[in-house]
Amino acid sequence: MYDVDRVAAALRGVLPSDRVTTAPEDMIVYSYDGTWLVGRPQMAVTPLDAREVAAAVRVAADEHVPIVPRGAASGLAGGAVPAFGGIVVNMTRMNRILDIDRVNMTVVTQPGVVTASLQAAVEREGLFYPPDPASLRQSTIGGNIATCAGGPRCLKYGVTRDYVLGLEAVLPSGEIMRTGARTAKNVTGYDLTHLFVGSEGTLGLVTEATLRLVPLPRARRTVMADFSTVSGAASSVTDVLEAGIVPCAMELMDNTTILLVEEHLHAGLNTRAGALLLIEVDGDPEVVPRQAEEIAAICQQRANGVRLAGDQKEADTLWTARRSVASAFGKLRPHRLGEDIAVPRSKIPEAVERIRDIGIEHDLTIAIFGHAGDGNLHPNILLDLRDEDETSRTLAAAEEIFRVAMQLGGVLSGEHGIGLLKRDYLAENLDPQALAVMRAIKRTIDPQNIMNPGKVLSPN
Ligand SMILES: Cc1cc2nc3c(=O)[nH]c(=O)nc-3n(C[C@H](O)[C@H](O)[C@H](O)COP(=O)(O)OP(=O)(O)OC[C@H]3O[C@@H](n4cnc5c(N)ncnc54)[C@H](O)[C@@H]3O)c2cc1C
Numbered sequence: 501m502y503d504v505d506r507v508a509a510a511l512r513g514v515l516p517s518d519r520v521t522t523a524p525e526d527m528i529v530y531s532y533d534g535t536w537l538v539g540r541p542q543m544a545v546t547p548l549d550a551r552e553v554a555a556a557v558r559v560a561a562d563e564h565v566p567i568v569p570r571g572a573a574s575g576l577a578g579g580a581v582p583a584f585g586g587i588v589v590n591m592t593r594m595n596r597i598l599d600i601d602r603v604n605m606t607v608v609t610q611p612g613v614v615t616a617s618l619q620a621a622v623e624r625e626g627l628f629y630p631p632d633p634a635s636l637r638q639s640t641i642g643g644n645i646a647t648c649a650g651g652p653r654c655l656k657y658g659v660t661r662d663y664v665l666g667l668e669a670v671l672p673s674g675e676i677m678r679t680g681a682r683t684a685k686n687v688t689g690y691d692l693t694h695l696f697v698g699s700e701g702t703l704g705l706v707t708e709a710t711l712r713l714v715p716l717p718r719a720r721r722t723v724m725a726d727f728s729t730v731s732g733a734a735s736s737v738t739d740v741l742e743a744g745i746v747p748c749a750m751e752l753m754d755n756t757t758i759l760l761v762e763e764h765l766h767a768g769l770n771t772r773a774g775a776l777l778l779i780e781v782d783g784d785p786e787v788v789p790r791q792a793e794e795i796a797a798i799c800q801q802r803a804n805g806v807r808l809a810g811d812q813k814e815a816d817t818l819w820t821a822r823r824s825v826a827s828a829f830g831k832l833r834p835h836r837l838g839e840d841i842a843v844p845r846s847k848i849p850e851a852v853e854r855i856r857d858i859g860i861e862h863d864l865t866i867a868i869f870g871h872a873g874d875g876n877l878h879p880n881i882l883l884d885l886r887d888e889d890e891t892s893r894t895l896a897a898a899e900e901i902f903r904v905a906m907q908l909g910g911v912l913s914g915e916h917g918i919g920l921l922k923r924d925y926l927a928e929n930l931d932p933q934a935l936a937v938m939r940a941i942k943r944t945i946d947p948q949n950i951m952n953p954g955k956v957l958s959p960n
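Just so you know, the sequence shown maps onto residues 501 to 960 in the numbering used here.
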C-alpha cells in the first residue's frame with residue numbers, strides 16, 4: 501500500500517499545489533459518477549495540459565497508485581468511480597478548442613470541452629459534430645471518447661468512434677502517444693486510435709482529440725407518432741427504413757416514460773399511448789419537408805395520432821421532453837438503475853415485453869425508452885436505495901435484463917460502457933478468445949494495472 505502523504509507530496513512537486521488535493525470534502529465529490537456506485541479516492545489532480553497529466557501519471561507509476569480519469573462524471577457504468585482509491589485526474593480544466601479547420605472539416609480539441617460547447621463552436625462555422633448523448637450539456641469530449649458515446653442521431657450519423665481521427669494520450673507509463681492523423685482516410689499501421697475509443701480510461705488518458713466534422717444540415721423536421729403498443733411503434737420504425745428513408749433519430753418511449761415525462765414537463769404527449777416515436781429528419785431544405793410528410797404518412801398506418809412539429813420551437817419542446825426522461829423519473833422514485841442494452845432492431849418488441857414481465861415478476865417500475873432505430877433500449881428501474889429489499893430486487897431484475905439482451909443476440913451495452921456495473925457479465929457476452937486478447941492488450945499497455953483498475957475487465 502502506498503503512503504498517501506508521500507504520493508501527494510510527489511504530485512505537488514510536479515503540479516502547482518493548488519491543483520493537487522487530498523481534502524476529505526473533495527474526496528467525497530470525486531467518489532461518484534452518474535450511477536449510485538461510490539469509491540473514495542485519496543488524492544485528486546487537475547492538470548491543464550498533457551505534460552502535467554504525464555507528470556502525475558509518472559508519480560502514480562513510480563508509487564503503484566491507481567489513477568482514475570474523470571470528465572464530467574455523468575457516466576452510467578461506474579467508469580469514473582475510484583473503486584480502488586488512488587488519484588482522480590479531473591480533466592475538466594483541459595477545456596480549450598485548439599483548432600477548427602473549415603476546409604478539412606476537422607476540430608482539434610482538449611478532452612475537457614463539454615460536448616454541447618464543442619457542437620455550438622463548430623456550428624458557428626457551418627460545421628456539425630453529430631454525436632449527441634442526452635447528457636451533452638454536462639459530458640466532456642474525453643468522456644465521450646472513452647465511452648464511445650452515442651445518442652439519438654447515431655442512427656444516421658454513427659457514434660463517437662466514427663468521428664475520432666486521431667488522439668494524443670498519456671499511457672500508464674507516463675509516456676505521451678499520438679495516434680491517427682487529420683486525414684479522412686488512414687490505414688497506416690494498427691488502428692490504435694480506435695483501440696482507445698471505448699476503452700473507458702483503462703489504457704490511458706486522452707489529452708487531445710482530432711475529430712471529423714460534417715456539413716451542418718440546413719433543415720430539420722420532427723414527427724411524433726403515438727401507438728397503442730410498442731410492437732406497433734417498432735414496426736413503424738422498420739416501415740420507415742424500408743421506405744428508404746434514414747432519419748437522423750428514431751426515439752421510442754413506453755407508456756411509463758410518457759406518463760412521467762408529461763407530468764414533469766407538460767410537453768403535450770399523449771398519456772394514453774402505449775408507446776411513442778419521436779423521429780427527426782435532417783438535410784437538404786428541398787428534401788426534408790417531403791421526407792417528414794412521408795414519414796408521417798407511413799406512421800399513420802399504425803399510429804393512433806401523428807403530429808408534425810410546426811416550427812423549431814415545437815420541435816425543441818418535444819426533444820427537450822425526450823432529453824428530460826432522467827429528471828422526470830426522479831418524481832416517482834429517488835433513484836434509478838439506467839440500463840443500456842442493444843438488441844437487433846427486429847427484437848425490440850420481444851425485448852420490451854420480456855422486460856415488462858421482469859418488472860411485474862419483481863414488483864418494480866421499469867420505464868423503457870431508447871434509440872429504436874439502433875435497437876438500443878434504456879430500461880430504467882426506478883427505486884429507493886434506502887429500501888434494501890427493493891434494491892436487491894432491482895439487481896436481480898437488471899441481471900435478467902442483461903440475459904434477455906444476450907438471448908436475443910444483443911449486447912450488454914450499446915453506449916454507456918461496461919465500467920464496474922457490468923464487468924462481471926462481460927465473459928458471458930464475449931468470445932473467450934476475444935476476451936483473452938483484451939486482457940493481453942491491457943497487460944501489455946498497463947503491466948502494473950494502475951490505469952482505472954477494475955473497470956471493464958474483472959481483476960482475475
Ligand atoms: C441524464 C444522462 C443521459 C445520458 N445519455 C447518454 C446518451 O444518450 N448516450 C450515451 O452514450 N451516454 C449517455 N449518458 C452517459 C454519459 O453521459 C456518457 O457516458 C458520457 O460519455 C460520459 O462523459 P463524462 O465526461 O461525464 O465522462 P465520465 O463519466 O467522467 O467518465 C466516463 C468514463 O470515461 C473515462 N474518461 C473520462 N475522461 C477521460 C479522458 N480524458 N481520457 C480517458 N478516459 C476518460 C472515465 O475514466 C470513465 O471510465 C447519459 C448520462 C446521463 C446522466
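Glycine included, each C-beta is placed from N, C-alpha and C at the ideal position. From a predicted model like this one, the values you see are computed outputs, not experimental measurements.
Member of the options whose CA lies at the smallest distance from the CA of residue i
i	options	result
Arg833	Thr640, Ile860, Thr522 and Ala867	Ala867
Val553	Thr522, Met594, Pro524 and Pro789	Met594
Arg596	Ala709, Pro569 and Val557	Ala709
Ile848	Tyr663, Leu885, Leu921 and Gln907	Gln907
Asn961	Gly704, Arg772 and Leu837	Missing from the structure shown is residue 961; the chain here goes from 501 to 960 and no further.
Gly732	Leu752, Thr722, Pro715 and Leu713	Leu752
Thr865	Asp874, Gly875, Asn876 and Arg893	Arg893
Thr535	Asp503, Ala583 and Met750	Ala583
Thr722	Ala749, Arg512 and Thr615	Ala749
Asn876	Ala896, Asp526, Ile901 and Glu700	Ile901
Ala561	Val787, Tyr502 and Leu695	Tyr502
Leu1023	Val538, Thr944 and Ala550	Nothing about residue 1023 can be reported from this structure: the residues present for the chain run from 501 to 960 only.
Ser846	Asn770, Ser736 and Thr771	Ser736
Asp874	Arg903, Arg718, Gly658 and Gln542	Gly658
Val730	Thr660, Arg718 and Arg772	Arg772
Asp632	Thr606, Gly626, Thr660 and Val608	Thr660
Helix, strand or coil at residue i according to DSSP, with G and I counted as helix
i	result
His694	helix
Ala709	strand
Gly859	helix
Glu888	helix
Asp931	coil
His871	strand
Asn755	helix
Pro849	helix
Glu915	coil
Met527	helix
Met677	strand
Gly643	helix
His764	helix
Thr620	Sequence inspection shows Ala at residue 620; the Thr mentioned does not correspond to that position. The answer is helix: DSSP assigns Ala620 an H, G or I state.
Leu776	strand
Arg943	helix
Phe584	coil
Val603	coil
Val937	helix
Cβ distance (whole Å) where residue i is taken to contact residue j below 8 angstroms
i	j	result
Arg682	Leu665	6 angstroms
Gly698	Gly642	Not really, about 13 angstroms apart at Cβ, beyond 8 angstroms.
Pro611	Thr707	6 angstroms
Lys685	His764	Between His764 and Lys685 the Cβ distance is about 46 angstroms, and since that is not below 8 angstroms, they are no contact.
Tyr663	Arg624	So it is not a contact: roughly 18 angstroms between Cβ atoms.
Val911	Phe869	The Cβ separation is near 18 angstroms, so there is no contact.
Ligand 1 heavy atom lying under 7 angstroms from the CB of residue i
i	result
Met591	yes
Ser574	yes
Thr757	no
Arg570	yes
Val730	no
Ser958	no
Leu926	no
Asp946	no
Pro633	yes
Ser617	no
Pro968	Because the chain is modelled from 501 through 960, residue 968 falls outside the range shown and cannot be assessed.
Ala580	yes
Asp533	yes
Asn949	no
His694	no
Lys955	yes
Beta carbon proximity, residue i to chain D, threshold 8 angstroms
i	result
Met527	Any reference to chain D falls outside this structure, which holds one protein chain only.
Ligand 3 heavy atom lying under 7 angstroms from the CB of residue i
i	result
Asn880	Ligand 3 is absent from the structure shown, which contains only ligand 1.
Count Cβ pairs between the segment 905-916 and the segment 830-848 that sit closer than 8 angstroms; are there 3 or more? Yes, since at least three Cβ pairs between the segment 905-916 and the segment 830-848 fall closer than 8 angstroms, the two stretches touch.
Do the segment 640-650 and the segment 670-689 make contact, defined as three or more Cβ pairs closer than 8 angstroms? Taking a cut-off of 8 angstroms for Cβ pairs, the segment 640-650 and the segment 670-689 do not touch, as fewer than three such pairs fall below it.
Taking 8 angstroms as the cut-off, does the segment 738-758 touch the segment 792-800 (at least 3 CB pairs, one atom from each stretch)? These segments touch.
Should the segment 918-937 be regarded as contacting the segment 565-579, the criterion being three or more beta carbon pairs within less than 8 angstroms? Taking one beta carbon from each stretch, the segment 918-937 and the segment 565-579 have 3 or more pairs nearer than 8 angstroms; the two touch.
Segment contact, 8 angstroms Cβ cut-off, at least three pairs: the segment 814-822 with the segment 876-890: Segments in contact, no.
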